[in-house]
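Peer 1:
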Amino acid sequence: MPILFEILDPMRRKVICTDDVWHSHILTRHPIMRGLENEVKLAIEKPSIGIFQDSSLSSRSIYYLRQTGTPRYLKAVVEFDDNDIGEVITAFLTDAPKSGERLIWP
Amino acid sequence: MALERLVKTSDLKTGFLADAAKNKRKSLDIDYDARFDALMLLLVPPETDTIVHYVDDHVALLYRPDDLEIVGIQVEDFERSFLPQHEAVSKVWRLSDSKTDLNDLGDLIVIFDRIKPQVAREVVKATEDILGEPGVELAAALA
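Protein chains in written order, with this note's numbering: chain A, 1 to 106; chain B, 107 to 249.
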């Protein structure tokens, strides 16, 4: 499956985003994300504040990037497997963090 | 240190929903993302740009960034957490997921198209208290 990008998060964990997820899952549901691939990468590499754990799934990490000039964050959701390799499963723009998410890094 | 909320719920507008209710506009798009386990309900075409505005652990309003008009909702942890807490939604959702008497994908699409207004109404009914005024407007738009 073609990989759109492969990067490391601040915890040195590998994170990939496939072409299929980007085009068939993210852009079809959140067309506002068009052209924001690099911001998704930046959110994962250098998240604002840090890395959060999903409110209900410990295998899921959340990354926010504060967008400059708009009252928004880019939110990327990454699912990690048992080998600590993560895959982006969705990304969208939000104006607030979700309650229940817990900071796990730093 | 925590991330701050950048837009207040009271800043969002319900004019679009009120207009949809008044004019009985029935544009409705429902999409379930199984991997993320999230249901999106939109009263505008799916190609519309939207921002996610969380109102609780599972439920978020979707609004247009250019005019702050609320145009839908997103329910996260939908099958894992939301459905077990809302039996009426769960019942309708199971119908939409039924594979009985289906001959092909076309049958599945027909069934989902028939069920989706019911799913939308039950989801909105279940979230009306959480959503406040926008919930009332959404319910009216889907009535």
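Virtual Cβ for every residue (Gly too), placed ideally from N, Cα, C. The structure displayed is predicted, hence computed values, not measured ones.
Comparing the C-beta of residue 138 of chain B with each C-beta of chain A, is any distance below 7 Å?
Peer 2: As a position in the second sequence, residue 138 of chain B is number 32, starting the count at 1. Output row for residue 138 of chain B: interface = no.
Peer 1: Counting only the same chain and skipping the five closest in sequence on each side, list residues whose C-beta sits under 6 Å from that of residue 188 of chain B.
Peer 2: Taking the first residue of the second sequence as position 1, residue 188 of chain B is located at position 82. Correct list, in chain order: 164, 181.
Peer 1: Counting only Cβ-Cβ distances shorter than 7 Å, please list the residues of the segment 91-104 of chain A near chain B, keeping chain order.
Peer 2: Listed by position, the residues of the segment 91-104 of chain A near chain B (Cβ gap below 7 Å) are 92, 93, 94, 95, 96, 97, 98, 99, 100.
Peer 1: Which first and last residues belong to the beta strand (DSSP E) in which residue 6 of chain A is found?
Peer 2: Within the first sequence, the letter at position 6 stands for residue 6 of chain A. Taken as a continuous stretch (DSSP letters only), the beta strand (DSSP E) holding residue 6 of chain A covers 3-8.
Peer 1: Beta-carbon of residue 192 of chain B versus every beta-carbon of chain A: anything under 7 Å?
Peer 2: By 1-based counting over the second sequence, the position of residue 192 of chain B is 86. Not one chain A Cβ lies under 7 Å of residue 192 of chain B.
Peer 1: If you run the structure through DSSP and keep just helix, strand and coil, what is residue 121 of chain B?
Peer 2: The residue you call residue 121 of chain B lines up with position 15 of the second sequence. It is helical.
Peer 1: Quick one: which chain A residues come within Cβ less than 7 Å of residue 112 of chain B?
Peer 2: Indexing the second sequence from 1 puts residue 112 of chain B at position 6. Within 7 Å Cβ-Cβ: 71, 72, 95, 96.
Peer 1: Out of A/23, A/12, A/10, state which residue places its alpha-carbon closest to the alpha-carbon of residue 4 of chain A.
Peer 2: Taking the first sequence and counting its residues from 1, the one referred to as residue 4 of chain A is at position 4. Answer by Cα proximity: A/23.
Peer 1: Alpha carbon to alpha carbon, what distance is there between residue 82 of chain A and residue 105 of chain A?
Peer 2: The sequence position of residue 105 of chain A within the first sequence is 105, counting from 1. The sequence position of residue 82 of chain A within the first sequence is 82, counting from 1. Rounded to whole angstroms, residue 105 of chain A to residue 82 of chain A spans 19 Å at the Cα level.
Peer 1: Going by C-alpha distance, which of B/175, B/126, B/179 is nearest residue 160 of chain B?
Peer 2: By 1-based counting over the second sequence, the position of residue 160 of chain B is 54. When each option's Cα is compared against that of residue 160 of chain B, the closest is B/179.
Peer 1: Roughly how many whole angstroms lie between the Cα atoms of residue 88 of chain A and residue 170 of chain B?
Peer 2: If you number the first sequence from 1, residue 88 of chain A lands on position 88. If you number the second sequence from 1, residue 170 of chain B lands on position 64. One C-alpha to the other measures close to 24 Å.
Peer 1: Taking 7 Å as the threshold (C-beta atoms), are residue 40 of chain A and residue 96 of chain A in contact?
Peer 2: On the first sequence, position 96 is the one that residue 96 of chain A refers to. On the first sequence, position 40 is the one that residue 40 of chain A refers to. No; because the gap between Cβ atoms is not below 7 Å, this pair is not in contact.
Peer 1: What residue range does the alpha helix (DSSP H) around residue 178 of chain B cover?
Peer 2: Mapped onto the second sequence, residue 178 of chain B falls at position 72. Here residue 178 of chain B belongs to no alpha helix (DSSP H); instead the beta strand (DSSP E) covers 176-182.
Peer 1: In chain order, what residues of the same chain lie with their CB nearer than 7 Å to the CB of residue 183 of chain B, ignoring the 5 residues before and after it?
Peer 2: Numbered from 1 along the second sequence, position 77 holds the residue referred to as residue 183 of chain B. The residues are 143, 164.
Peer 1: Tell me where the alpha helix (DSSP H) around residue 22 of chain A begins and ends.
Peer 2: As a first step, residue 22 of chain A must be located in the first sequence, where it is residue number 22. First-last for residue 22 of chain A: undefined, no H or E at that position.
Peer 1: Mind reading off the beta-carbon distance from residue 134 of chain B to residue 231 of chain B? Whole number of angstroms is fine, and I expect it under 8 Å.
Peer 2: Taking the second sequence and counting its residues from 1, one reaches residue 134 of chain B at position 28. Taking the second sequence and counting its residues from 1, one reaches residue 231 of chain B at position 125. About 15 Å; that fails the 8 Å criterion.
Peer 1: Anything in chain A within Cβ reach of residue 187 of chain B, meaning under 7 Å, just list it in chain order.
Peer 2: For the purposes of this step, residue 187 of chain B is identified with residue 81 of the second sequence, where counting begins at 1. Chain A residues near residue 187 of chain B: 56.
Peer 1: Regarding residue 64 of chain A and the ligand MN, is the C-beta to nearest heavy atom distance less than 6 Å?
Peer 2: No copy of the ligand MN appears in this structure; indeed no ligand is present at all.
Peer 1: With distances taken from CA atoms, which of A/11, A/57, A/20 is nearest residue 133 of chain A?
Peer 2: Because chain A in this structure spans residues 1 to 106, residue 133 of chain A falls outside the shown range and cannot be described.
Peer 1: Output needed for residue 255 of chain B: all residues of its chain with C-beta closer than 6 Å, excluding positions within five of it in sequence on either side, in chain order.
Peer 2: Outside the modelled stretch of chain B, which goes from 107 to 249, sits residue 255 of chain B, for which no answer is possible.
Peer 1: Residues of the segment 142-158 of chain B with a CB closer than 8 Å to any CB of chain A: list them in chain order, please.
Peer 2: If the cut-off is 8 Å between Cβ atoms, the segment 142-158 of chain B has 142, 144, 146, 152, 153, 154, 155, 156, 157, 158 near chain A.
Peer 1: Going by C-alpha distance, which of A/71, A/63, A/64 is nearest residue 172 of chain B?
Peer 2: Here residue 172 of chain B refers to the residue found at position 66 of the second sequence. The candidate whose alpha carbon is nearest that of residue 172 of chain B is A/71.
Peer 1: Going by DSSP in three states, residue 45 of chain A sits in which element: helix, strand or coil?
Peer 2: By one-based count along the first sequence, residue 45 of chain A stands at place 45. Here residue 45 of chain A sits in helix by DSSP.
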